[in-house]
Every structure is written in structure tokens, then in C-alpha cells.
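Here's the structure, in C-alpha cells; my notes come after.
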Amino acid sequence: MRVITVANRKGGTAKTTTVVNLAYGFAQANKRVIVLDLDNQGHVMHGLKALGCVQQSDITELPLNTFFTSIVKCADNIYATDVDTCNANTNEEITLDVLRNWCDSEAVTKHFDIVLIDTPPTLSPQLMAALSAATDIIIPATPLPLASDGVQKLLNACRNAMAERKFRATKLTILPVMVEQNLKLHRQELSNWYGRYGRSKVLSPIRKSIKLAEAFAENKPVFAYAPNSRGAHDYTELCKQLIG
Ligand SMILES: Nc1ncnc2c1ncn2[C@@H]1O[C@H](COP(=O)(O)OP(=O)(O)O)[C@@H](O)[C@H]1O
Ligand SMILES: [Mg+2]
22 MRVITVANRK GGTAKTTTVV NLAYGFAQAN KRVIVLDLDN QGHVMHGLKA LGCVQQSDIT
82 ELPLNTFFTS IVKCADNIYA TDVDTCNANT NEEITLDVLR NWCDSEAVTK HFDIVLIDTP
142 PTLSPQLMAA LSAATDIIIP ATPLPLASDG VQKLLNACRN AMAERKFRAT KLTILPVMVE
202 QNLKLHRQEL SNWYGRYGRS KVLSPIRKSI KLAEAFAENK PVFAYAPNSR GAHDYTELCK
262 QLIG
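Below, the structure written as C-alpha cells:
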């Protein structure tokens with residue numbers, strides 16, 4: 022099962038924006054996607070709920086656990102966990118194995134091509150479980166010196182866990198987000214990333230685009246809100262790169 026986890030221990034680094042827009046982009050490319058929102062702020066649904074008529078999942082055999090108390094269908098090919106935002110303790114039972122086994126279960130592999138996981142911005146059991154379940158780990162970050170330091174630390178931790186076979190991921194990449202090409206600092210830091218990690222480890226950049234933020238106010242992915250915007254263009258390129 023392809024499991025893509027989007028993670029960064031810092032908040033506000035476009036994790037949820039990336040998950041929501043990848044979910045929509047993959048679905049447009051005929052991939053069947055389920056989004057697991059492991060951040061109990063429940064922001065994923067803020068980006069998906071106006072896509073259509075959100076309804077209880079019609080795939081009844083999907084297993085649930087204390088975290089996934091409910092799964093909803095957001096649109097054709099897009100399902101998501103509905104988070105209980107009032108209860109911060111619902112996910113205690115999530116351990117490394119529980120989530121990985123869930124992703125690989127027969128019901129999930131039968132009905133979906135991709136599991137996309139959004140994560141909380143803290144080192145928590147949810148984050149560790151999501152990293153352990155991942156086949157692909159994407160770290161979104163803005164190309165700035167301090168953000169780079171956080172990326173480097175998370176990359177090192179993931180690499181060590183992959184070497185020790187605690188994580189099964191084979192792809193570990195950085196996604197430059199909120200990039201402003203007119204800023205020298207962004208250009209410099211991006212070029213440092215290419216030099217340090219290699220071009221193949223740095224995904225197609227997402228430029229700063231206010232439409233990406235506005236789309237959340239309308240509870241839609243940017244493709245459904247502003248299909249001709251920079252944000253839609255950049256996430257389309259990213260989708261192609263990930264599934265091409
Ligand atoms: N490329 C971008 N350009 C402009 N704003 C963005 C971009 N990506 C994300 N944002 C905005 O930045 C804020 C944080 O993004 P979010 O996806 O919620 O981050 P996280 O999930 O990592 O906390 C949101 O208001 C979002 O709309
Ligand atoms: Mg988020």
C-alpha cells in the first residue's frame with residue numbers, strides 16, 4: 022500500500038494544505054484516496070467539506086479504531102477520517118503497528134490506492150505512528166535558515182529510523198512551500214537544499230499563493246476554488262511528480 026505521510030514538527034508549514042490538495046489532485050488522476058487526519062484540530066475537513074455532500078462512508082468494512090471513530094466520503098475517490106475535535110485523548114491507542122497494519126489491511130488495500138496522512142506539529146505517538154506507516158515521507162518547509170535546521174533534524178531522525186528498519190519508508194523528500202522567488206534568501210536556501218540533498222530529494226516547489234489560504238475559507242481544495250491560480254498549478258506539478 023502506498024502511504025504518503027506529510028510531516029514537520031513545526032506548525033504552519035503547509036502540511037494540511039499539501040494533504041488536502043494532493044488528495045484532490047490524486048483523485049482527479051483516478052486514484053482512490055483516503056486521508057487520515059492525525060491532528061485533532063481536524064483541519065483536513067476544513068479543506069474538503071464543501072467538495073460535495075459529505076456523508077458517512079459507503080464502504081462499511083473499513084476497520085475503525087479509537088482514533089478513526091468515523092470515516093466519511095467527501096467526494097468520488099476521496100474519503101477521510103472525521104476527527105473528534107472535542108476529545109484530545111481519543112488516539113491513545115495508536116501505536117506504531119496499529120496504524121501500519123491498518124493501512125495494509127485487506128479492506129483498505131481493496132478500496133484505496135493511496136493513504137495520505139496529515140500529522141500534528143508535535144513529537145507525539147500520532148506522528149511516530151504516521152512516520153512508521155509511511156512508504157513516502159514528505160517534509161514541507163519554507164526555504165529559510167531556521168526552518169532548514171528543523172528539516173535537517175527531522176531528516177536525520179527519519180534516516181536513522183529507516184536504517185534501523187523502524188520505519189519502512191523508501192522515499193524521504195523535502196517539499197519547498199510558500200516560496201517567493203523574488204526573495205534572495207529563499208533562492209539561496211533552496212539552492213543550498215539542492216546542493217545538500219540532491220535534486221531528486223527536493224520536490225517541485227509550491228510558490229506562495231494567497232488562493233491556497235482563501236480556498237480554506239471556502240472549505241475547498243484550491244483546484245475547486247481557483248483552478249487557474251499559481252497554487253493549483255504548483256500542486257498539479259507536484260501530483261504529477263508523485264504519481265508520474
Ligand atoms: N503556498 C502557500 N501560499 C500561501 N499561503 C499558504 C501556502 N501554503 C499554506 N498556506 C497557508 O499557511 C497557513 C498554514 O498552512 P497549514 O496547511 O494549515 O499548515 P500546517 O498544517 O503545517 O499547520 C494556512 O493559513 C494556509 O492557508
Ligand atoms: Mg495542519
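Heads up: the sequence shown is residues 22 to 265, going by the working numbering. C-beta: ideal position from N, C-alpha, C; glycine also. Just so we're clear, the structure is a prediction, and the values are computed from it rather than from any experiment.
**Item:** Range covered by the beta strand (DSSP E) that runs through residue 56
**Value:** Start and end: 54-58.
**Asked** Does any heavy atom of ligand 2 sit closer than 7 Å to the C-beta of residue 36?
**Response** Yes, Cβ of residue 36 sits closer than 7 Å to a heavy atom of ligand 2.
**Prompt:** Once you ignore the five residues that flank residue 128 on each side, which residues in its own chain have a CB closer than 7 Å to its CB?
**Reply:** The answer, listed in chain order, is 82, 83 and 84.
**Alpha-carbon to alpha-carbon, residue 174 and residue 35** = Rounded to the nearest whole angstrom, the CA to CA distance from residue 35 to residue 174 is 18 Å.
**Request:** Count the other C-beta atoms from every protein chain shown that fall within 10 angstroms of the C-beta of residue 184, then say buried if there are 16 or more, exposed otherwise.
**Result:** Taking a 10 Å sphere around the C-beta of residue 184, we find fewer than 16 other C-beta atoms and assign the residue as exposed.
**Request:** Examine ligand 2 and report whether any of its heavy atoms sits within less than 7 Å of the Cβ of residue 64.
**Result:** True, at least one ligand heavy atom lies under 7 Å from that Cβ.
**Asked** Can you list the beta strand (DSSP E) stretches of 3 or more residues lying completely in the region 139-191, in chain order?
**Response** With a minimum length of 3 residues, the continuous beta strand (DSSP E) runs that stay inside the region 139-191 are 157-162.
**Asked** Should residue 44 and residue 158 be called a contact, given that it needs their Cβ atoms to be closer than 8 Å?
**Response** Contact: no.
**Message:** Please identify the residue among 213, 146, 214 and 62 whose C-alpha is closest to the C-alpha of residue 119.
**Reply:** Out of 213, 146, 214 and 62, 146 has the C-alpha closest to the C-alpha of residue 119.
**Prompt:** Roughly how many angstroms separate the alpha carbons of residue 199 and residue 228, rounded to a whole number?
**Reply:** In this structure, the alpha-carbon of residue 199 lies about 5 Å from that of residue 228.
**Request:** Check residue 266 in the structure and name its three-state DSSP category.
**Result:** Examination of residue 266 is not possible in this model, given that the chain is present from 22 through 265 alone.
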